[in-house]
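Colleague:
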Amino acid sequence: EEILGAARTEAGQERERAREQSEELLASARKRVEEAQAEAQRLVEEADARATELVSAAEQTAQQVRDSVAGLHEQAEEEIAGLRSTAEHVAERTRTEAQ
8 EEILGAARTE
18 AGQERERARE
28 QSEELLASAR
38 KRVEEAQAEA
48 QRLVEEADAR
58 ATELVSAAEQ
68 TAQQVRDSVA
78 GLHEQAEEEI
88 AGLRSTAEHV
98 AERTRTEAQ
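Residue numbers (this note's numbering): 8 to 106.
Next comes the structure, spelled out in structure tokens:
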């Protein structure tokens, strides 16, 4: 009985050590999961901020292009009006000289 009692005590101690190890491993795994989640959140926020910057830059570029096109259109209209005026003036002078 003494041997049986000692074996039971030793088995109980082994179970307790195994339980403690399991708890430590579980706590460690939970900590790693929390760290991974925090890192993933940081990366998502970083990517979101970068995407916002890129969208803003694209919007600025698009506005610059629109402004440039509008300016070129206005300049072309002015040049066309000038050429039309010159052509009308030349045509009038040609008619006057032909008479």
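Positions of the beta carbon are idealized from the N, C-alpha and C atoms, including for glycine.
In this text, all values refer to a predicted model and were calculated from it rather than measured experimentally.
Counting along the chain, where does the alpha helix (DSSP H) carrying Q106 start and finish?
Modeller: As a first step, residue 106 must be located in the sequence shown, where it is residue number 99. Boundaries cannot be given for Q106, as no alpha helix (DSSP H) includes it and DSSP labels it neither H nor E.
Colleague: Could you give the distance in angstroms between the alpha-carbon of A77 and the alpha-carbon of L61?
Modeller: On the sequence shown, residue 77 is found 70 positions in, with the first residue counted as 1. On the sequence shown, residue 61 is found 54 positions in, with the first residue counted as 1. The alpha-carbon atoms of A77 and L61 are separated by roughly 24 angstroms.
Colleague: Could you tell me the alpha carbon to alpha carbon distance between R108 and L32, rounded to whole angstroms?
Modeller: Nothing about residue 108 can be reported from this structure: the residues present for the chain run from 8 to 106 only.
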